[in-house]
DNA sequence: CAGTATCCAAAATGATACTG
DNA sequence: CAGTATCATTTTGGATACTG
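Chains as they are written, first to last, in full-length UniProt numbering: chain A, 1 to 120; chain B, 1 to 120.
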């Protein structure tokens with residue numbers, strides 16, 4: 001299923017792309033956000049990549065885009081219900097990673113029996 | 001936190017790398033698996049990438065590696081408890097994506113309220 | 001402001017051949 | 001079998017300049 005050229009696969013690719021996950025997470029924290037607000041909050045992202053990532057996410061139906069016709073233009077982005085649903089999973093996973101990552105990056109060693117210990 | 005050079009960040013990078021997610025998921029379906037078994041089940045992965053991906057995941061403590069000294073060598077891989085915990089999140093997210101992806105890849109249209117329906 | 005277009009650098013990936 | 005080494009290619013990412 002995920003080996004085909006289906007929308008599920010494309011969506012996964014976009015989410016796991018270099019910036020996709022961060023765009024989604026920033027919008028999950030706070031929305032709507034304007035283009036430059038996203039750029040500033042993410043930090044390190046080029047305009048090209050932000051633009052490209054946003055376009056992908058909008059196409060996938062995870063993010064909405066609203067243009068307020070004015071000069072200068074005002075464009076806002078936010079999460080669609082679909083994007084919100086995905087972010088729930090994403091945020092949960094990221095939280096879990098934060099909590100557990102250092103827990104075991106030794107080369108597969110057995111329990112160190114000292115140092116930072118789990119609940120036991 | 002995730003903007004630093006921490007183990008959480010490295011772990012995330014490895015998981016979201018081109019093949020990381022698939023290696024984990026195959027092992028989640030069935031373990032242990034030998035090197036060539038993983039290669040065959042994943043499909044399309046080169047030996048170089050499989051080797052590299054596995055090394056990363058082992059270093060991160062998500063996957064274990066066991067060598068049975070023999071000629072020819074037998075090497076088995078499986079998920080550590082940490083890897084299992086991550087795979088729970090991963091599998092849940094992937095399931096969700098499968099279920100919801102086609103649901104809305106129109107350019108941000110409102111609820112189609114018809115067409116391919118969920119469980120109904 | 002919110003992008004796009006272009007060009008360049010860097011990194012990821014792949015195919016192949018080789019080794020213990 | 002289970003990799004590693006090497007090289008070529010593809011993809012990705014970034015800096016910059018330009019436009020509506």
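All residues carry an ideal CB built from backbone N, CA and C; glycine is no exception.
Query                                                                                                                                                                                                        : Result
When the Cα atoms are used, what is the spatial distance from residue 49 (chain B) to residue 35 (chain B)?                                                                                                  : 12 Å
When the distance is taken between beta carbons, is residue 28 (chain A) closer than 8 Å to residue 96 (chain B)?                                                                                            : no
Using only CA atoms, which one of B:15, B:100 and B:41 lies nearest to residue 61 (chain A)?                                                                                                                 : B:100
Can you tell me whether residue 18 (chain A) is helix, strand or coil according to DSSP?                                                                                                                     : coil
If you reduce the DSSP assignment to three classes, tell me which class residue 91 (chain A) lands in.                                                                                                       : helix
Strictly below 8 Å CB to CB, what residues from chain B border residue 38 (chain A)?                                                                                                                         : What residue 38 (chain A) touches in chain B: nothing, since even the nearest Cβ is about 15 Å away.
Near residue 24 (chain A), what residues of its chain come up, given a Cβ to Cβ distance below 8 Å and the 5 sequence neighbours on each side ignored?                                                       : 15, 57, 62, 63, 79, 83, 86, 87 and 90
Could you have a look at residue 105 (chain B) and say whether DSSP puts it in helix, strand or coil?                                                                                                        : Residue placement at residue 105 (chain B) is flagged as unreliable, the pLDDT there being 49, under the threshold of 50; a coordinate-derived value is accordingly withheld.
Per DSSP, what kind of secondary structure is residue 30 (chain A) in: helix, strand or coil?                                                                                                                : coil
Could you pull out every residue in the same chain whose Cβ sits closer than 7 Å to the Cβ of residue 38 (chain B), ignoring the five residues on either side in sequence?                                   : 23, 26, 50 and 77
Would residue 53 (chain A) be called buried (16 or more neighbouring beta carbons within 10 Å of its own) or exposed?                                                                                        : buried
Go through its chain and collect everything with a Cβ distance to residue 11 (chain A)'s Cβ below 6 Å, but skip five positions before and after it.                                                          : 60
Classify residue 4 (chain B) as buried or exposed, calling it buried when 16 or more other Cβ atoms lie within 10 Å of its own Cβ.                                                                           : exposed
Using a C-beta cutoff of 8 Å, does residue 96 (chain B) count as contacting chain A?                                                                                                                         : yes
Given a threshold of 16 other Cβ atoms within 10 Å of its Cβ, counted over all protein chains shown, does residue 70 (chain B) qualify as buried or as exposed?                                              : exposed
DSSP on residue 66 (chain B), reduced to helix/strand/coil?                                                                                                                                                  : strand
Starting from the C-beta of residue 33 (chain B), find all residues in its chain whose C-beta is less than 8 Å away, skip the five residues before and the five after it, and write them out in chain order. : 26, 27, 41, 76, 77 and 78
Distance check for residue 92 (chain B) and residue 94 (chain A), CA to CA, integer angstroms please.                                                                                                        : 14 Å
Using a Cβ-Cβ cut-off of 6 Å (strictly less than) and excluding sequence neighbours within five positions of residue 19 (chain A), which residues of its own chain qualify?                                  : 45, 49 and 53
Quick check on the DSSP output: the beta strand (DSSP E) that includes residue 78 (chain A) runs from which residue to which?                                                                                : 74 to 79
In three-state DSSP terms, what is residue 13 (chain B)?                                                                                                                                                     : helix
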